[in-house]
Amino acid sequence: MPESRRRPAHRPSRRYQLIEGAVELFAVKPPDLVTIAEIVRHVNMTPAAFYYHFSSRDELFQEVVSSFGESWATHAEEWWGQAASLQDVIDVCGHLLDDAIGRRAHATVYFVTSKGVNVAIEVARQAYTARAVAAATAAIVRAEPVRTPTSAAVDAVALNTVLESALRAELSLDSTYRTLGPRRFRDEFVALCTRVLTPADDRV
1 MPESRRRPAH RPSRRYQLIE GAVELFAVKP PDLVTIAEIV RHVNMTPAAF
51 YYHFSSRDEL FQEVVSSFGE SWATHAEEWW GQAASLQDVI DVCGHLLDDA
101 IGRRAHATVY FVTSKGVNVA IEVARQAYTA RAVAAATAAI VRAEPVRTPT
151 SAAVDAVALN TVLESALRAE LSLDSTYRTL GPRRFRDEFV ALCTRVLTPA
201 DDRV
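With UniProt numbering, the residue at position 169 of the sequence shown is 169, and numbering never jumps.
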């Protein structure tokens with residue numbers, strides 16, 4: 001093949017470009033206000049290119065949510081699967097927070113703009129959350145075998161609630177996050193995670 005007709009190595013696929021461009025829009029607008037025309041204009045493509053890869057905006061949005069959710073749950077399973085102490089369990093909460101903030105646009109779509117969009121999205125989100133909670137439960141039991149599985153599961157749900165609430169606050173820059181500022185917000189987040197795992201009799 002002549003040199004001029006060769007495709008560049010590692011050229012991003014048009015499907016990937018559509019997804020990334022749509023994420024940038026979904027992260028700042030409710031998904032029902034983002035149109036296919038807006039997406040293709042944003043990535044400099046045609047509607048035909050969009051429909052070659054996706055049947056609808058909702059299908060693309062579902063893929064964005066599912067892709068991040070799968071990654072999120074997999075990281076939770078891997079990192080909590082390596083935790084050997086309660087401090088390790090708390091540290092993983094921080095790692096998961098940092099991981100999501102490092103993928104801010106995708107995380108914003110998952111934790112903020114996708115919440116309550118439709119039943120299919122909520123079912124998918126619940127499944128990924130259940131995987132994360134199961135991984136945290138196993139880590140807590142492993143770190144402190146005297147805890148009952150039920151007690152560990154309750155703590156794991158609480159940890160996940162604190163984590164997701166903190167992410168929504170930081171990603172949306174809500175009033176709590178803006179009032180506390182990044183450093184104090186992070187300190188309060190760690191303190192809450194620690195409190196969840198502290199037996200009631202040991203709390204001051």
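Note that the Cβ used here is the ideal one computed from N, Cα and C, for glycine as well.
In this text, all values refer to a predicted model and were calculated from it rather than measured experimentally.
Cβ contact annotation for E77 (same chain, cutoff 7 Å, sequence separation greater than five): R131, A135, in chain order. Judged by their CB atoms, V23 and V64 are nearer to each other than the 8 Å cut-off. Linking K29 to R147 through their CA atoms gives a straight-line distance of about 44 Å. In this structure, G69 lies away from Y16, with their beta-carbon atoms at least 8 Å apart.
With respect to R57, V34 sits close: the two C-beta atoms are nearer than 8 Å. The straight-line gap separating the alpha-carbon atoms of A124 and H106 is approximately 15 Å. Between T194 and the set A156, L167, A49, the nearest pair of CA atoms involves A156. Around G21, the same chain offers I39, H42, V43 as residues with beta carbons nearer than 7 Å, after the five sequence neighbours per side are excluded.
According to the DSSP assignment, T74 belongs to the alpha helix (DSSP H) that extends over 57-81. With contacts defined as CB atoms closer than 8 Å, L167 and A73 fail to qualify as a contacting pair.
In this structure, the alpha-carbon of P145 lies about 22 Å from that of L192. The distance from the Cβ of V112 to that of S151 is about 31 Å, inconsistent with a contact at the 8 Å cut-off. For S13, the secondary structure class from DSSP, reduced to helix, strand or coil, is coil. Contact between T108 and A27 holds: CB atoms are separated by about 4 Å, below the 8 Å threshold. V154 has its alpha-carbon roughly 15 Å from the corresponding atom of R142. R14 places its beta carbon 8 Å or farther from that of A37.
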